[in-house]
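Take a look at the structure set out below.
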Amino acid sequence: MSGHRRHALITGAASGIGRALAVRLARDGWHVAVCDLDHEGSRETVALVEQAGGTAQAERLDVTLPAEWEALRGRLREQWEQIDLVVNNAGVSGAGEVGSFPLADWRWMLDVNLFGVIHGCHYFVDWLVANPHGGHIVNTASMAATVSAPSMGGYNVSKAAVVSLSETLYAELRHRGVRVTVLCPGFVPTKLLASGRWHRQALRDQAERLFAEARLTADDVAEATLRAMRRRQLYVVLPLRGRIFWRLKRLMPQGFMTCVARLIRSTD
Ligand SMILES: NC(=O)c1ccc[n+]([C@@H]2O[C@H](COP(=O)([O-])OP(=O)(O)OC[C@H]3O[C@@H](n4cnc5c(N)ncnc54)[C@H](O)[C@@H]3O)[C@@H](O)[C@H]2O)c1
């Protein structure tokens, strides 16, 4: 993929994993459209990308709104010769047991975490297919898609669906020159919890503790993503504990879920 200026669109790039990916791509000379609701944060990412040797533009985007996606695609098609990479990464968090997690929060979670990704794929797949150098889609799911921990239903469902969507796209696009990668990271300390919808304070406190203990960084995820893109890997599962869970679930699904149910208790 050398010789032409590479263009990437990253959602949720005002912060965390999306920002780290933008900066990592900048080191390889990419041009990045930093897309997010948080325009101030996007502008900070643009400055960081430029410091790292790339170029970038901040684009205000609510991933839940098809009209905004359509308008963004129109603007970028006027400015860019081709698109090489779409990273559907914007996401939100929250927790509450099925039955008490409000339906409005279920819809919000699926709207951002699942429909946000569906929209990015829907509006950009044809342009990626048209890229003579071959395009790439990266979707951010989570280790939550494997573990299905209690009290995390909305988040788990949204992320499991992103894995399934990515697998479907992988099979659909393999012979059309577009590669697909799905990220399934464990806990990474970012701003993710701040905007979450927590049914009880204890759930938020528990998530804060897990974030505080996490050793995986957004930069680690960005580095692993670039490696997977080079190797044309579908799955990026990290850290090592996540890969162990991933294998165990496939080896003995019932036993794995029995352990989850025994070991991870909902906080009262
Ligand atoms: N941090 C973790 O532990 C972790 C683990 C696994 C997966 N993930 C996933 O990684 C992705 C990035 O999260 P992060 O941890 O970097 O969190 P973050 O909060 O730092 O970044 C998420 C970004 O998404 C943006 N966003 C939220 N709703 C949006 C919308 N409707 N339209 C556009 N942008 C929107 C936010 O403004 C924010 O900048 C998410 O999909 C998250 O679920 C995070």
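If you read the sequence shown in the working numbering, its first letter stands for residue -16, the second for the next number, and so on. We treat Cβ as the ideally placed atom computed from N, Cα and C, and that holds for glycine. The structure displayed is predicted, hence computed values, not measured ones.
Query: Cβ contact check for the stretch 113 to 125 and the stretch 78 to 93: 3 or more pairs under 8 angstroms; Result: no
Query: Endpoints, the alpha helix (DSSP H) within which residue 105 is located; Result: 99 to 112
Query: Alpha-carbon spacing of residue 84 relative to residue 11, whole angstroms; Result: 43 angstroms
Query: Euclidean distance between Cα positions of residue 53 and residue 20; Result: 16 angstroms
Query: beta-carbon residue 168 near ligand 1 non-hydrogen atom, thresh 6 angstroms; Result: yes
Query: DSSP bridge partner residues for residue 62 (one or two, in chain order); Result: Residue 62 is not bridged to any residue.
Query: Beta-carbon gap between residue 22 and residue 56 smaller than 7 angstroms; Result: no
Query: Which of helix, strand or coil DSSP assigns to residue 236; Result: helix
Query: Extent of the continuous alpha helix (DSSP H) run through residue 20; Result: That residue, residue 20, is in no alpha helix (DSSP H); it is neither H nor E in DSSP.
Query: Cβ shell of residue 228 (< 8 angstroms), same chain only, five flanking positions each side left out; Result: 126, 129, 130 and 239
Query: Residue 224 burial status per 10 Å Cβ neighbour count (16 or more: buried); Result: exposed
Query: Buried versus exposed call for residue 261 [16 or more other C-beta atoms within 10 Å across all chains shown]; Result: In this structure the chain extends from -16 to 251, so residue 261 is not present and cannot be described.
Query: Residue 265 CB to nearest heavy atom of ligand 1 below 6 angstroms; Result: As shown, the chain starts at -16 and ends at 251. That puts residue 265 outside it, with no answer to give.
Query: Local Cβ density within 10 Å of residue -10, reported as buried at 16 or more and exposed below that; Result: buried
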